[in-house]
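Participant: Before anything else, here's the structure in question.
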Amino acid sequence: MSADFLYGIEVVLNGLMAGVLYALVALGFVLIFKASGIFNFAQGVMALFAALTLVGIMEGQVPFAHLINAVFGTNIHHFGWQVPAILAIFLTVLVMIAFAWAVQHFVFRHLVGQEPIILFMATIGLAYFLEGVGDLMWGSSIRTLALGLPQGGSLWVEEMTNGLGGDDFYGFFIDKLDMVATLVALVLVAGLVAFAQYTKQGRAMRAVADDHQAALSVGISLSYIWVLVWSLAGIVALVAGVMWGAKSGVQFSLSLIALKALPVLMLGGFTSIPGAIVGGMIIGVGEKLFEYTIGAPYLGGATENWFAYMLALVFLVFRPQGLFGERIIERV
Amino acid sequence: MKMKTLAVMALAGSMTAGTAMADLVIPDLSYRTGPYAAGGVPFSDGYQDYFALLNARDGGIGGEPVRVIECETAYNTERGVECYEATKGEGALIYQPLSTGITYQLIPRTTADNIPLHTMGYGRTSAANGEVFNWVFNYPANYWDAASVAVNYLLDENGGSLDGKTIALVYHNSAYGKEPIRTLEDLSALHGFTLTQLAVDHPGQEQKSQWLQIRRERPDYVLMWGWGVMNQVAVQEAANIGFPMENFIGNWWAGAEHDVTPAGMAANGYKSLNMNPITDYPVLSEIQSLVHEAGNAAGDGSNLGSVLYVRGMYAAMLAAEAIANAQDIHGVADVTPAMVRDGMEALEITNARMTELGMEGIGPEFAVTCQNHGGTGQGLVQQWNASAGVWEPLTGFISPDASVIAPLIAEDSAAFAAESGITPGCL
């Protein structure tokens with residue numbers, strides 16, 4: 001096999017795994033939209049906030065230290081202890097659940113029955129508020145995520161495939177972190193699907209997603225389900241924040257990863273959990289293959305961002321609800 | 001009663017205004033929030049702390065206290081322009097916006113308002129031609145100088161020849177990132193190396209395609225023009241593909257501590273350009289004792305001595321020296337922006353003066369003239385020592401290739417003059 005062909009396969013493999021990382025962000029959007037019809041503009045900031053909280057807890061940082069020091073004239077920054085990763089993850093999940101409750105209690109409870117655009121605008125406000133709170137709470141410096149996640153290419157894969165394409169082929173490069181992210185995403189999706197299918201709360205969540213009024217009439221608490229869904233989205237945001245934060249450090253640009261999720265949603269549909277994964281992989285492979293075959297050689301490169309949106313647009317033209325979205329049927 | 005109250009308020013207002021007018025007003029267009037805060041915070045801390053030191057130690061500059069007005073831009077060009085419009089009426093003497101995007105918007109505004117603009121190592125490179133850009137200064141070095149300094153360093157590393165070598169440029173796909181391309185193309189033709197260009201879209205969180213291409217093509221060296229998250233991801237991706245870190249050189253906006261720490265030990269050996277060697281300058285101890293321990297630090301004190309803190313402090317020192325120069329030239333302490341421009345155009349930074357300021361060797365010696373607002377263009381190469389967690393200077397100050405840079409500056413500034421209807425000349 002020629003080296004060019006093998007490198008094409010390498011691009012596809014890496015595109016698949018990059019797509020899974022996009023899908024991790026998209027999953028949070030899907031969960032909330034499916035259950036409440038809200039397009040959560042704050043999902044990217046939630047990933048940032050969750051990752052910041054995790055690192056802050058692990059490092060034993062005093063939340064709101066700058067504010068406390070400014071008001072009381074103190075000079076405290078750390079408690080002086082380190083929190084083990086497992087405990088810190090558990091505590092971060094609790095923080096995200098508390099956040100979900102606060103969002104429901106203080107914002108969306110008062111907006112029930114409002115137009116979708118009002119709810120969308122509320123999430124824009126929520127995004128900027130949460131970004132500000134994250135800054136005040138944990139500061140704006142870049143943190144290293146010390147979870148022991150593997151980094152670098154897999155030498156085993158590289159050595160096993162090294163001889164496939166002659167001297168010009170150096171073996172497949174597969175990032176170990178991407179492999180971990182793929183496994184985590186698969187477990188997460190399986191867990192979410194199992195939760196939705198086989199638990200009482202999951203069935204209630206699906207009932208609310210299908211028909212709010214009918215769910216209310218059989219005694220399902222809309223408020224409880226929304227808190228549940230925002231909590232799940234918070235946990236998904238934590239996973240996305242950890243995986244992206246492991247690549248770049250935990251920093252405020254993490255909030256921009258939502259931009260990578262939008263074409264995935266357009267393609268996979270706003271209401272399908274498997275759609276987010278498949279959509280992510282199509283976008284990942286599509287943009288990387290385009291960059292490899294056309295973008296870099298003929299267009300000067302940096303085509304991935306716009307090509308992802310163009311690909312999603314093409315899908316939208318033929319299937320407005322996305323690949324896996326629920327079919328839109330309007331009856332007079 | 002009402003009239004009396006109003007009269008008292010008017011008197012108090014005029015007294016306050018009088019006090020404010022006597023201060024030397026320095027706006028700090030900072031970014032402490034948003035995706036680029038990690039770079040903005042240490043620069044702003046260093047910038048403000050130096051002026052706080054001058055106030056605490058010397059009573060300001062020439063006996064006039066310095067009043068720093070901080071305005072948050074979040075590295076957003078529109079907000080940067082808003083900050084400029086909001087602060088210029090306070091009697092602002094000089095602007096240093098730390099953003100190429102904001103710089104481009106401020107060039108016509110500051111020129112019209114007769115306020116000097118200093119863009120140290122960023123902004124519009126051809127502003128080095130002071131006969132076209134009377135109110136804009138970019139000493140001691142600019143982007144094109146940086147590209148040439150990097151190539152000169154590589155020439156030195158390769159026995160004076162880069163013939164047959166391949167250099168890949170990984171750049172932020174923006175006006176900033178594209179700045180060195182023309183210079184590197186000319187240098188490529190001159191020295192016989194092959195230049196490969198790899199653009200990375202904003203913000204740069206996903207660079208897999210670019211680094212797979214580097215892994216396939218195996219360039220001898222990679223140069224990087226990055227900022228923000230692009231830098232951290234690039235260093236990590238380079239480590240992931242096993243690219244030799246000692247052959248990976250970032251520009252001076254891709255060489256701070258936070259650019260390398262997320263990658264941990266994998267970043268060891270990564271190199272970058274810098275305008276200032278990182279060392280224990282005596283002035284840092286003075287800032288520690290007179291500013292930080294007095295509770296007047298601009299930030300939480302954790303950035304003292306870091307790469308971008310030192311750069312912010314250096315920028316403040318250059319502004320303070322220009323103001324002092326203006327006071328000497330015009331014989332008044334309470335100088336105007338136009339006088340500060342004169343001070344900048346006659347600025348001379350010597351080793352003796354830097355030593356006197358407790359900053360021995362912090363920058364190159366240079367003298368500004370009407371024709372040359374860009375200084376000597378020198379920079380140095382530093383290397384990250386991951387186990388010690390410090391940037392170590394590898395070289396002294398390296399000069400750029402003026403025979404390549406000067407014609408480019410002349411060409412670009414002439415084009416700007418033609419499209420803007422400017423007749424080149426000195427003020």
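Sequence lines, in order, name chains Z and Y.
Per the UniProt record's numbering, the very first residue in the first sequence carries number 1; after that it's consecutive.
Per the UniProt record's numbering, the very first residue in the second sequence carries number 1; after that it's consecutive.
Ideal Cβ positions, reconstructed from N, Cα and C, are used throughout, including at glycine.
#1: Please classify residue 242 of chain Z: is it buried, with 16 or more other beta-carbons within 10 angstroms of its beta-carbon, or exposed?
#2: Strictly by DSSP, which residues pair up with residue 137 of chain Y?
#3: State the CB to CB distance for the pair residue 275 of chain Y and residue 363 of chain Y, rounded to an integer number of angstroms; the pair is presumed to be in contact (CB under 8 angstroms).
#4: Within 10 angstroms of its Cβ, does residue 1 of chain Y collect 16 or more other Cβ (buried), or is it exposed?
#5: Compute the Euclidean distance between the alpha carbons of residue 169 of chain Z and residue 158 of chain Z, then round it to the nearest angstrom.
#6: Using a beta-carbon distance cut-off of less than 8 angstroms, what residues from the region 37 to 63 of chain Z approach chain Y?
#7: Distance check for residue 321 of chain Y and residue 410 of chain Y, CA to CA, integer angstroms please.
#8: Out of Z:122, Z:115, Z:85, Z:114, state which residue places its alpha-carbon closest to the alpha-carbon of residue 103 of chain Z.
#9: My output table needs one value for residue 27 of chain Y: the three-state DSSP class, helix, strand or coil.
#10: In chain Z, what lies closer than 7 angstroms to residue 216 of chain Y by C-beta?
#11: Report the neighbours of residue 41 of chain Y on chain Z: residues whose CB is nearer than 8 angstroms to its CB, in chain order.
#12: Ordered along the chain, which non-local residues of its own chain (more than five positions away) have a Cβ less than 8 angstroms from that of residue 127 of chain Z?
#13: Hey, is residue 61 of chain Y's beta-carbon within less than 9 angstroms of any beta-carbon in chain Z?
#14: Please identify the residue among Y:107, Y:296, Y:380, Y:65 whose C-alpha is closest to the C-alpha of residue 253 of chain Y.
#15: With three or more beta-carbon pairs closer than 8 angstroms as the criterion, would you say the region 187 to 204 of chain Z touches the region 59 to 76 of chain Z?
#16: Could you tell me whether any Cβ in chain Y is nearer than 9 angstroms to the Cβ of residue 309 of chain Z?
#17: Would DSSP call residue 168 of chain Z helix, strand or coil?
#18: Quick test of your reading: residue 72 of chain Y and residue 31 of chain Y, contact by CB under 8 angstroms. State the CB separation rounded to the nearest angstrom.
#19: Could you tell me whether the Cβ of residue 74 of chain Z comes closer than 9 angstroms to any Cβ of chain Y?
#20: Strictly below 8 angstroms CB to CB, what residues from chain Z border residue 261 of chain Y?
#21: Using a Cβ-Cβ cutoff of less than 7 angstroms, which residues in the same chain neighbour residue 124 of chain Z once the five nearest sequence positions on both sides are dropped?
#22: Let me confirm a value: residue 118 of chain Z is counted as buried when at least 16 other C-beta atoms fall within 10 Å, else exposed. Which label applies?
#23: Say whether chain A places a C-beta atom closer than 9 angstroms to the C-beta of residue 255 of chain Z.
#24: Of all the alpha helix (DSSP H) runs that stay within the bounds of the region 162 to 194 of chain Y, which reach a length of 4 or more residues?
#25: For a contact defined as C-beta to C-beta under 9 angstroms, what are the partners of residue 292 of chain Z on chain Y?
#26: Using CA coordinates, which residue listed in Y:108, Y:419, Y:184 is at the minimum distance from residue 85 of chain Y?
#27: Using the rule of at least 16 other Cβ atoms within 10 Å of the residue's Cβ for burial, across every protein chain shown, is residue 298 of chain Z buried or exposed?
#28: Can you give the Cα-Cα distance for residue 378 of chain Y and residue 154 of chain Y, rounded to whole angstroms?
#29: Return the CA-CA distance between residue 333 of chain Z and residue 91 of chain Z, expressed in angstroms with no decimal places.
#30: If the cut is a Cβ gap below 9 angstroms, which residues of chain Z does residue 258 of chain Y touch?
#31: Determine the direct distance from the alpha carbon of residue 39 of chain Z to that of residue 206 of chain Z, and round the result to whole angstroms.
#32: Would you kindly work out how many angstroms separate the C-alpha atoms of residue 392 of chain Y and residue 193 of chain Y, rounded to a whole number?
#33: Specify, as a first and last residue, the run of the alpha helix (DSSP H) that residue 289 of chain Y falls within.
#34: For chain Y, check one thing: does any of its Cβ atoms lie closer than 9 angstroms to the Cβ of residue 69 of chain Z?
#35: Could you tell me the distance, in whole angstroms, from the CA atom of residue 427 of chain Y to the CA atom of residue 114 of chain Y?
#36: With 9 angstroms as the threshold, decide whether the Cβ of residue 21 of chain Y is near any Cβ in chain Z.
Facilitator: Let's see:
#1: By one-based count along the first sequence, residue 242 of chain Z stands at place 242. Buried.
#2: Sequence index remark: in the second sequence, residue 137 of chain Y carries index 137 (1-based). Beta-bridge pairing links residue 137 of chain Y to Y:118.
#3: Position 275 of the second sequence holds residue 275 of chain Y. Position 363 of the second sequence holds residue 363 of chain Y. The pair is a contact, with the Cβ atoms about 6 angstroms apart (cut-off 8 angstroms).
#4: As a position in the second sequence, residue 1 of chain Y is number 1, starting the count at 1. Residue confidence is low: residue 1 of chain Y scores 40 on pLDDT, short of 50, so the model does not pin down where it sits. No coordinate-derived value is stated.
#5: Position 169 of the first sequence, counted from the first residue, corresponds to residue 169 of chain Z. Position 158 of the first sequence, counted from the first residue, corresponds to residue 158 of chain Z. Taking the straight line joining both Cα atoms gives about 10 angstroms.
#6: none
#7: Walking along the second sequence from the start, residue 410 of chain Y turns up at place 410. Walking along the second sequence from the start, residue 321 of chain Y turns up at place 321. Each residue's alpha carbon lies about 28 angstroms from the other.
#8: Reading the first sequence from its first residue, position 103 is the one you call residue 103 of chain Z. The shortest C-alpha separation from residue 103 of chain Z is found at Z:122.
#9: For the purposes of this step, residue 27 of chain Y is taken as residue 27 along the second sequence, with counting starting at 1. Of the three classes helix, strand and coil, the one that applies to residue 27 of chain Y here is strand, per DSSP.
#10: Position 216 of the second sequence, counting from 1, holds the residue named residue 216 of chain Y. Those are 7, listed as they occur along chain Z.
#11: Position 41 of the second sequence, counting from 1, holds the residue named residue 41 of chain Y. Neighbours of residue 41 of chain Y on chain Z, chain order: 140, 141.
#12: Residue numbering aside, residue 127 of chain Z sits at position 127 when the first sequence is read from its first letter. Only 41, 42, 44, 45, 255 meet the Cβ criterion.
#13: Here the question's residue 61 of chain Y lines up with position 61 in the second sequence. For residue 61 of chain Y, the answer is no, since every Cβ of chain Z falls outside 9 angstroms of its Cβ.
#14: The residue given as residue 253 of chain Y occupies position 253 in the second sequence. Closest option to residue 253 of chain Y, Cα to Cα, is Y:380.
#15: no
#16: The sequence position of residue 309 of chain Z within the first sequence is 309, counting from 1. Not one chain Y Cβ lies under 9 angstroms of residue 309 of chain Z.
#17: Sequence index remark: in the first sequence, residue 168 of chain Z carries index 168 (1-based). Residue state, collapsed to three classes: coil.
#18: As a working mapping, residue 72 of chain Y is identified with position 72 in the second sequence. As a working mapping, residue 31 of chain Y is identified with position 31 in the second sequence. Going by Cβ atoms, the distance from residue 72 of chain Y to residue 31 of chain Y rounds to 7 angstroms, so yes, they are a contact pair.
#19: Residue numbering aside, residue 74 of chain Z sits at position 74 when the first sequence is read from its first letter. Not an interface residue.
#20: Here residue 261 of chain Y corresponds to residue number 261 of the second sequence, with the count starting at 1. Near residue 261 of chain Y (Cβ distances below 8 angstroms), the residues of chain Z are 142, 144, 249.
#21: Walking along the first sequence from the start, residue 124 of chain Z turns up at place 124. Closer than 7 angstroms at the Cβ level, and outside the excluded window around residue 124 of chain Z, lie 41.
#22: Taking the first residue of the first sequence as position 1, residue 118 of chain Z is located at position 118. Exposed, because fewer than 16 other Cβ atoms sit within 10 Å of the Cβ of residue 118 of chain Z.
#23: Of the protein chains in this structure, namely Z and Y, none is chain A.
#24: 175 to 178, 181 to 191
#25: Walking along the first sequence from the start, residue 292 of chain Z turns up at place 292. Neighbours of residue 292 of chain Z on chain Y, chain order: 209, 212, 213.
#26: Here residue 85 of chain Y refers to the residue found at position 85 of the second sequence. Closest option to residue 85 of chain Y, Cα to Cα, is Y:108.
#27: Numbered from 1 along the first sequence, position 298 holds the residue referred to as residue 298 of chain Z. Label assigned to residue 298 of chain Z: exposed.
#28: On the second sequence, position 378 is the one that residue 378 of chain Y refers to. On the second sequence, position 154 is the one that residue 154 of chain Y refers to. Approximately 15 angstroms between the Cα atoms of the pair.
#29: The first residue shown for chain Z is 1 and the last is 332, placing residue 333 of chain Z beyond what the model contains.
#30: Taking the first residue of the second sequence as position 1, residue 258 of chain Y is located at position 258. Those are 141, 142, 249, 251, listed as they occur along chain Z.
#31: For the purposes of this step, residue 206 of chain Z is taken as the residue at position 206 of the first sequence. For the purposes of this step, residue 39 of chain Z is taken as the residue at position 39 of the first sequence. Approximately 17 angstroms, taken between the alpha carbons.
#32: Against the second sequence, residue 392 of chain Y aligns to sequence position 392. Against the second sequence, residue 193 of chain Y aligns to sequence position 193. Between residue 392 of chain Y and residue 193 of chain Y, the C-alpha separation is close to 28 angstroms.
#33: In the second sequence, residue 289 of chain Y corresponds to position 289, counting from 1. Where residue 289 of chain Y is concerned, there is no enclosing alpha helix (DSSP H), given that its DSSP letter is neither H nor E.
#34: As a first step, residue 69 of chain Z is located in the first sequence; it is residue number 69 there, counting from the start. Yes, residue 69 of chain Z lies at the interface with chain Y (some Cβ there is under 9 angstroms from its Cβ).
#35: Stepping through the second sequence from its first residue, residue 427 of chain Y is reached at position 427. Stepping through the second sequence from its first residue, residue 114 of chain Y is reached at position 114. Their backbone Cα atoms lie some 11 angstroms apart in a straight line.
#36: The sequence position of residue 21 of chain Y within the second sequence is 21, counting from 1. Unreliable placement is indicated for residue 21 of chain Y, whose pLDDT of 48 sits below 50; the coordinate value is still reported in the next sentence. With 9 angstroms as the cut-off, residue 21 of chain Y does not count as an interface residue toward chain Z.
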